[in-house]
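Residue numbers (the working numbering): 7 to 93.
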């Protein structure tokens, strides 16, 4: 697995996403990931992200399309969304 694509509701502006490293969590599993691409969606404050992870296979067993994903900084949840593809 090289990356995950997900759709998120992000209230802080597109410029604060691109190239940033965040803590991504799927269920109880969390891993640092870097936002590679950001695509603005039609719905206000919604974006599609392409994210790569330090350990590429870490989410292999839980990264299923439709699963919820959270973006965090330390213990603060910044956004929640859903996985749209895994490659």
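We put the beta carbon where it would ideally sit given N, CA and C, even for glycine.
Problem - When 58, 69, 66 are compared against residue 28, the one with the closest alpha-carbon - result: In the chain shown, the residue the question calls residue 28 occupies position 22. Of 58, 69, 66, the residue nearest in Cα terms is 58.
Flag this pair as yes or no: are the beta carbons of residue 14 and residue 73 separated by less than 7 angstroms?
-> Indexing the chain shown from 1 puts residue 14 at position 8. Indexing the chain shown from 1 puts residue 73 at position 67. No, the pair does not count as a contact, with Cβ atoms beyond the cut-off.
As assigned by DSSP and simplified to three states, the class of residue 91: Here residue 91 corresponds to residue number 85 of the chain shown, with the count starting at 1. Residue state, collapsed to three classes: strand.
Inspect the beta-carbon positions of residue 10 and residue 77 and report whether they are closer than 7 angstroms. Numbered from its first residue, the chain shown carries residue 10 at position 4. Numbered from its first residue, the chain shown carries residue 77 at position 71. Not in contact: residue 10 and residue 77 (Cβ atoms no closer than 7 angstroms).
Residue 7 - containing beta strand (DSSP E), residue span
Reading the chain shown from its first residue, position 1 is the one you call residue 7. Note, residue 7: premise wrong, no beta strand (DSSP E); not H, not E.
query: Can you give, in chain order, each stretch of the beta strand (DSSP E) that sits fully within the stretch 53 to 93 and has at least 3 residues?
result: 74 to 79, 82 to 92
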